[in-house]
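Since the structure comes first, as structure tokens, the remarks are kept for the end.
2 protein chains.
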Amino acid sequence: MQDIVIDTPTQKSVIHCGKGSFEQFAKGLDGKKLFVVTDSNVYRIYRDLIEKTFKNSPVHVIKAGEASKTYTTLIGILKHMLESGATRAYTVVALGGGVVGDIAGLAASLFMRGVKLIQIPTTLLSQVDSSVGGKTAVDLNNVKNAIGAFYQPGEVIVDPMFLETLPKREIRCGLGEIIKYGALDKEIYTTLCANSDRLFDMEFLESITAPCIQHKANVVAGDEKDLNGLRKTLNLGHTTGHAFELYYKRKSHGEFVLIGTYYELIIAQMQGVCGGEYADNLKMLIGKVIKMPVYDNAQKAALAAKFDKKNDEQSTVSMIVPAKEGRCAEIKMPLDEYVKTIGEIAEEIKEKK
Amino acid sequence: MQDIVIDTPTQKSVIHCGKGSFEQFAKGLDGKKLFVVTDSNVYRIYRDLIEKTFKNSPVHVIKAGEASKTYTTLIGILKHMLESGATRAYTVVALGGGVVGDIAGLAASLFMRGVKLIQIPTTLLSQVDSSVGGKTAVDLNNVKNAIGAFYQPGEVIVDPMFLETLPKREIRCGLGEIIKYGALDKEIYTTLCANSDRLFDMEFLESITAPCIQHKANVVAGDEKDLNGLRKTLNLGHTTGHAFELYYKRKSHGEFVLIGTYYELIIAQMQGVCGGEYADNLKMLIGKVIKMPVYDNAQKAALAAKFDKKNDEQSTVSMIVPAKEGRCAEIKMPLDEYVKTIGEIAEEIKEKK
């Protein structure tokens, strides 16, 4: 087991990584006032564990899936907290994937102006990325994460035991963010290349989790509120990923991150920002995880980028793209040029098939 | 004019006090991206000023009154922000009383995980109290301020020109909080006693505003997130005030604070925590502002205190009460004893009439 610490001006956040971290966490719960939030999938699989661990604490089960990331779900949690007699002395436990973590985290930040929060991510994506760093949110008016808060969990429990029950698609989704870290961090990149044939291997995934969290922890400690540009680097691939996610919906967030990274990598190549063997290797890694889908309406989908909160102006699109090993760059493009380029890349992918 | 600064770990907040502060603020707005929130009363009276000052900025008008402090109103603001193309570069301007400040402040904290916020309080209560210190909230399930955030406004513009259009009842409401400061701060207490016959006088109110804000600023700087007990002192009179406010509704927040302070002052006397001339003077000041109403169901109303977020346990009621000049104390009582005592005080008031 390994502890990673993020010290921000607002809160110290400790991430306990490794096998056995959940068991250890469970041992220290006696007498604590907890309110547990989970989703229908996790509850179905882990109901016994939840009942054994959290005993009489209220458990709020939301419907699994991105479609739950609404203020209606959020208010449902907050009402349940009030109705079950929760006070400022309570701790919200978010047990689940990114959606549960985002909504329950926001609920914790809002309830009585903020109660303690513990994240227990159960998917690969939430373990390596979304449970760490305090970003919480729900969507509104078809805008991803339109309303939210920066709210650090006091503790994060990252136990690989939860990965064992994950479908392959969920692993793929987590690999989306892991490859993103590869495009930001030289050591992770080298490790990924050296293990490109065993990316889906459980032992490998266990070993790569802590380095990814450590990378994110360093970034968050330097730019908790996303103000100085450092944290923005974690959005590599996300501009196009989010736009496609809004438009096409069917795939999961991590898959869209991979697709977005692929498209934005090609834009980076076109602009001479990235190239050579490095670009080829990144494409190879992406190819090991996902087949690029064929999109007919890519231009229309790309238009959704204008609602991305990463853009201060709706007429300009900002993207974080891979540059070279351990280095990324920001590309800003007029919206119309961006839309046209995304359309061209989609055409190219179509022709290759 | 006078500037008061609050420096917290999260944000520096500058309060510009005095005549002319709004005009000065208005001069510096060119090119700023603003989203204005106000209420139907303020809009009716100041429509010309708003249009002249904020020109083409979107203006969101909520219905005046405490009943607007709901998540529905909050979501309405956030949707309007999205629809009018607001980005992270926008600033929310809260122009109005406490309700506008609370909701618009929460909207600013949530939009894209937080945009800049300027508070322009237009009532005496919001000028001396609620616009300063970063507490934002809406009610839920009949629980006051059940969901909210600590979110400091970058600037607060406190201009007495807005007081000129206020009905007397609103002045009374602000005096509720001003007398609360008197019960916490020796200098304010002395000033209030020396001016007890001109509490409603505009010049006097102008002169007492900055000292009240300075008191609050000192408290907030020492305990922004309401954690170490210092900020809790600002809740003097509020436990019973909030309970009555929830149950009886008709009066305004500041009036209930006065009523709550009166009841809790008597509890403090019963427990030997407060007494003598000091207690008499506080009662005299309260009496100059409001006549104690006769309540038949005071016990029932008092029960609502168990939903107060100031209580960590629903079976115990915590109150901040006056002790002696410049000193307050905390009284904790079992809920049933508290309810019984409130009933007795209400009976006494009834008999005296």
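Top to bottom, those sequences are chains A and B.
The first sequence lines up with residues 7 to 359 when you count with our numbering.
The second sequence lines up with residues 7 to 359 when you count with our numbering.
Idealized CB from N, CA, C, for every residue including glycine.
Using DSSP with H/G/I as helix, E/B as strand and the rest coil, what is residue i?
i         : result
Gly154(B) : strand
Lys297(B) : coil
Asp45(B)  : strand
Met208(A) : helix
Gln277(A) : coil
Pro15(B)  : coil
Pro166(B) : helix
Asp342(A) : helix
Gly102(A) : strand
Ala95(A)  : coil
Met325(A) : strand
Pro173(B) : coil
Asp229(A) : coil
Leu35(A)  : coil
Leu236(A) : coil
Lys58(B)  : helix
Glu270(A) : helix
Leu379(B) : Because residue 379(B) is not part of the residues shown, which for chain B are 7 to 359, the question remains open.
Arg256(B) : coil
Val121(A) : coil
Leu309(A) : helix
Val67(B)  : strand
Glu283(A) : helix
Glu331(A) : coil
Ala113(B) : helix
For residue i, decide whether its Cβ has a neighbour in chain A, counting only Cβ atoms nearer than 8 Å.
i         : result
Thr239(B) : no
Leu309(B) : no
Pro15(B)  : yes
Could you tell me whether the Cβ of residue i comes closer than 8 Å to any Cβ of chain B?
i         : result
Ile12(A)  : no
Ile21(A)  : no
Ala274(A) : no
Val149(A) : yes
Thr18(A)  : According to the sequence as given, residue 18(A) is Lys; it is not Thr. False, the Cβ-Cβ gap to chain B never drops below 8 Å.
Lys192(A) : no
Ala100(A) : no
Lys141(A) : yes
Using the beta-carbon of each residue, which ones in chain B are nearer than 7 Å to residue i?
i         : result
Leu146(A) : Leu84, Lys85, Leu88
For residue i, go through chain A and note every residue whose CB falls closer than 7 Å to its CB, in chain order.
i         : result
Ile153(B) : Leu84, Leu116, Phe117
Residue i touches chain A at which residues, Cβ-Cβ below 8 Å?
i         : result
Val105(B) : Chain A residues near Val105(B): none, gap ~17 Å exceeds 8 Å.
Please list, in chain order, the chain A residues whose beta carbon lies closer than 9 Å to that of residue i.
i         : result
Ala352(B) : In chain order: nothing, as chain A lies at least about 27 Å away.
Which residues, in chain order, does the stretch 107-129 of chain A contribute to contact with chain B at a C-beta distance below 8 Å?
-> Ser115, Leu116, Phe117, Met118, Arg119, Gly120
Positions along the stretch 77-93 of chain A whose CB lies within less than 8 Å of some CB in chain B = Tyr77, Ile81, Leu84, Lys85, Leu88, Glu89, Gly91, Thr93
Does the stretch 200-211 of chain B come close enough to the stretch 242-256 of chain B that 3 or more CB-CB pairs lie under 8 Å?
-> no
Check whether the stretch 250-268 of chain A touches the stretch 225-234 of chain A, taking contact to mean three or more Cβ pairs, one atom from each stretch, closer than 8 Å.
-> no
Proximal residues, the stretch 153-169 of chain B versus chain A, C-beta separation under 8 Å | Ile153, Gly154, Ala155, Phe156
Scan the stretch 214-229 of chain A for residues whose Cβ lies nearer than 9 Å to a Cβ of chain B and list them as they occur along the chain.
-> none
Evaluate contact between the stretch 181-196 of chain B and the stretch 285-297 of chain B, counting only Cβ atoms and requiring at least three cross-stretch pairs below 8 Å.
-> yes
Give a yes or no on contact between the stretch 131-143 of chain B and the stretch 160-173 of chain A, applying the rule of three or more CB pairs nearer than 8 Å.
-> no
Contact the stretch 215-227 of chain A vs the stretch 7-14 of chain A: 3+ CB pairs below 8 Å | yes
Are the stretch 347-357 of chain B and the stretch 327-335 of chain B in contact at 8 Å, needing three or more beta carbon pairs?
-> no
Counting Cβ pairs closer than 8 Å, one from the stretch 39-57 of chain A and one from the stretch 92-108 of chain A, do we hit at least three?
-> yes
Is there contact here, the stretch 153-163 of chain A with the stretch 113-122 of chain B, by at least three beta-carbon pairs under 8 Å?
-> yes
Examine the Cβ distances between the stretch 82-97 of chain B and the stretch 268-284 of chain B and report whether three or more of them are shorter than 8 Å.
-> no
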